[in-house]
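Heads up, the sequence shown is in the working numbering, so the first residue is 648 and it goes up one at a time.
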Amino acid sequence: MRSIPLLSPDSTTKEPPAQPSANDLLVAKAGYASSATAPARSRGKKFLSYYKPYLGLFFTDMACALIVSTTTLLLPLCARYITKNILEGNTPQDLNQIYLMGALMVALVGIQLLCTMFIDFQGHMMGARMESDMRSELFEQYQKLSFRFYDEQRTGQLMTRLTNDTFAMSELYHHGPEDIVVTSLTVTGAFIILLKVNVALTLIVFLFVPMMAVHALYFNKKMNRALRSSKDRIGDINAQVEDTLAGIRVVKSFTNEDVEKSKFAYANNRFLASRRDGYKSEMYFSGGLLAFTQLITIAVIIFGGVAIVHASLDVADLLTYVLCVGILIDPIQKLVNFGRLYQEGTTGFHRFMDILEVAPDLQDAADGLDLTQGRGKVEFQDVSFKYK
């Protein structure tokens, strides 16, 4: 037995001792599985396994994402057809063709709207169902773990993994594939369209892509570290609040409210510092990508104007360029959003798996028999006990 010293009313403290973070939860101890040794492939298969019950809904959602991307690319082509083919014809049928193309564009917008509504509702519901499945699995794992595990863990940290981390994963499960499909298809389609209009101007525009990729990869790594730290710190806050409220009678009995306030302020300030680092990385990440987008628009206007002066590009093609650059903004914003969701989701998933990979101290034997009928009477035969 070890004694637990209680602070007297006269006790003072300058700085509370640092609380263990979530990274310190699962150290290599007897009976615990080390998350560091878990094969990345097995975790990858586990990550994808949550899609299995909802494959039909998932593929429908992806089909809607494909349709949204396709209709987005068709609208600038319709505008180019009107300005380049119809308006330059000067025939009596031009007005009817304009109305026909207008009706076609309205129909495309209607299809795009329906698919977007399906993605927003059913896609989010798919993510919510997967979140519910993961939360139930994690709660079942909590029921299996031994008393020794809970003696060495903080309840607030465990609650954070059951709530915040599973929500972050559900957002990645839903938005991640959609953002990848929409971004890749829209960017590729826009590149092909622009390449057919003017090769030189297209190459100038897409020279920005490698720079954007390097920028995104660099600040993605910084965001990952900041988000991991932020999740650990919010877990520390939950743990501190849980400890204080669970022992509130002792706190009030010894008038230690100021001590508890100091502990909470210490944890709260650490969380604030981690959020500051995360927001700073996100500022550079998203701000840089959006700045590249504006630079692309400027490049199109400047070099497109030069091409028009040299008669290598007409106004209709320049309009197509401006519209295509405009539709590139949304995929870039989705890329920014995906970078944030990916870091939060994968961080939450690794914290989630850290718990699932803990082996319970007590496990049923492989040849054990289930008790089918009990009479309310227990008898031990050939059983011995000893201290560990």
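Glycine included, each C-beta is placed from N, C-alpha and C at the ideal position. These figures come from a predicted structure and were not determined experimentally.
- Every alpha helix (DSSP H) stretch that sits fully inside the region 852 to 932 and reaches 4 residues is listed by chain position as 855 to 893 and 895 to 900.
- Boundaries of the alpha helix (DSSP H) around His997: Val962 to Leu1003.
- Segment contact: the region 797 to 804 against the region 875 to 894, three or more CB-CB distances shorter than 8 angstroms; contact assigned.
- Between Thr718 and Ile766, the CB-CB gap reaches or exceeds 7 angstroms.
- In terms of CA proximity to Phe996, Tyr820 leads the group Gly951, Tyr820 and Leu742.
- The alpha carbon of Cys762 has as its nearest neighbour, out of Glu825, Thr813, Gln1020 and Asp780, the alpha carbon of Glu825.
- In terms of Cβ geometry, Val1005 and Leu936 do not form a close pair [threshold 7 angstroms].
- Within its own chain, no residue has a Cβ closer than 8 angstroms to the Cβ of Gly934 once the five positions on either side in sequence are excluded.
- In this structure, DSSP gives Ser1031 a state outside helix and strand, which the three-state scheme calls coil.
- Exposure of Thr810 is indicated by the presence of fewer than 16 other C-beta atoms within 10 angstroms of its C-beta.
- Boundaries of the alpha helix (DSSP H) around Gly757: Asp741 to Phe765.
- Annotation for Gln788: the continuous alpha helix (DSSP H) segment containing it runs His771 to Lys791.
- At the C-beta level, Thr813 and Glu778 come within 7 angstroms of one another.
- In the three-state reduction of the DSSP assignment, Glu1026 falls in the coil class.
- Closest option to Met772, judged by alpha-carbon separation, among Tyr698, Ile976 and Gly882: Tyr698.
- Under the three-state reduction of DSSP output, Leu848 falls in the helix class.
- Exclusion of the five residues before and after Cys725 leaves Met748, Leu751 and Met752 as the residues of its chain whose Cβ lies within less than 7 angstroms of its Cβ.
- Selection Phe866, Met1000 and Ala837 evaluated against Gly691 yields Met1000 as nearest (Cα-Cα).
- By the criterion of at least three beta-carbon pairs nearer than 8 angstroms, the region 866 to 886 is in contact with the region 907 to 918.
- If you look at Tyr797, you'll find it in the alpha helix (DSSP H) that goes Phe794 to Asp798.
- Boundaries of the alpha helix (DSSP H) harbouring Arg727: Leu702 to Tyr728, taken from the DSSP string.
- About 49 angstroms separates the CB atoms of Gly1023 and Glu818; that is not less than 8 angstroms, and the two are not in contact.
- In this structure the region 776 to 792 does not lie against the region 848 to 866, because fewer than three pairs of beta carbons, one per stretch, are closer than 8 angstroms.
- Annotation: Leu874 to Gly894 spans about 30 angstroms, alpha carbon to alpha carbon.
- Per the Cβ contact rule, the region 832 to 841 is in contact with the region 971 to 985 (3 or more Cβ pairs under 8 angstroms).
- The alpha-carbon separation between Ala963 and Val846 amounts to approximately 16 angstroms.
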